[in-house]
Each structure stands twice: as structure tokens, then as C-alpha cells.
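Shown next, in C-alpha cells, is the structure this report addresses.
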Amino acid sequence: MIEPQDLRETTLERLIGEVQEFRDAGYRLVQIGATRTEGFEINYSFDRDLKFVNLKIKIADNSVEIPSISGVYWNAFLYENEIHDLFGLKIRNIKIDYRGTFYKVAKPAAFAEKPAAPAARKRAAKPVAGTEVSET
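Numbering (my numbering), first residue to last: 1423 to 1558.
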């Protein structure tokens, strides 16, 4: 059986209030994940009694400041520093702010780049040694 997924879209202005409502209702913060789309998408996942609820915000570009939820869920500082370092997103008022040094990275904000189109990825892909297919 597949459980229905509760995915709620919210705004930056409503984020802290909605997160506080989850905290007040006894939910725990499970994770915060980010992905690159046309802009960026951040998903906040919460759980209570094995019921998952996800809040989603969409960000147009990395110039937008996102409010930290570490004032509500202290452990969010880990996810927020990770998102800052890997995606280059600005998160304000993180309780413990590593200021871009949470991860040692070869390329700052490497995940901030727009993903290549499928055809471009295929052209850029190089065969792994020993996996070439001969056409005989």
C-alpha cells in the first residue's frame, strides 16, 4: 500500500509561522532538502506518529534571503548550512552559522548551476572503461 503524500506549498513570509505550528503540534523535523529547478525548491519534512508532512517553498534565484527555522528547530542549522554551502542560497539568522565553511568544497555552490538538458548530458557522458559496446 502506498501512503498518500502530504505536500504543502508555502511562502517565505509564512514559513516560520507554519513551522512553529508543526513544532507546537508535536512534530519533529525529519530533514530539509534542496534541489535545483528553474529556480530552487526547498522541502521541509516533518513527522508525528509516522505521519509525514512536507512544506515546499520555491525560490526564483539565489539572491532571495530565506529565513532560518533554527529558532524553532535548533538542529535545522545543519541542513541550512549545507544548503548554503552547496546551493549558494542565503539563509538569514542561522543559530550556528558556519559562513560557508560547513563543507570543504572544491567548487563553491556547485549545485547552484542549472542542470544540463538531457541531450547535453548524454553528449557530455563518457563511457566507463570496459563498458564500451562493439557494434559487430
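The C-beta atom is built at its ideal place from N, Cα and C for all residues, glycine as well. Note that the structure is a prediction, hence the values are computed from the model and not measured.
Asked: C-alpha distance - Ile1505 paired with Thr1459, whole-angstrom precision; Found: 14 Å
Asked: Residues that DSSP places opposite Tyr1466 in a beta bridge; Found: Ile1454 and Leu1477
Asked: Three CB pairs or more closer than 8 Å across the segment 1465 to 1472 and the segment 1516 to 1535; Found: no
Asked: Leu1508 in three-state terms, based on DSSP; Found: helix
Asked: Closest by C-alpha distance to Ile1491, when choosing among Glu1431, Pro1426 and Ile1438; Found: Ile1438
Asked: Opening and closing residue of the beta strand (DSSP E) in which Arg1430 lies; Found: Asp1428 to Glu1431
Asked: Whole-angstrom C-beta distance between Asp1428 and Val1494, which should lie under 8 Å; Found: Not really, about 19 Å apart at Cβ, beyond 8 Å.
Asked: Under 8 Å between C-beta atoms of Ile1481 and Phe1499; Found: no
Asked: Nearest-angstrom Cα separation, counted from Ala1538 out to Lys1497; Found: The displayed chain sequence assigns Asn, not Lys, to residue 1497. Cα-Cα distance, rounded: 33 Å.
Asked: Proximity winner among Lys1512, Leu1477, Asp1507 and Ile1464, relative to Asn1484 (alpha-carbon distances); Found: Lys1512
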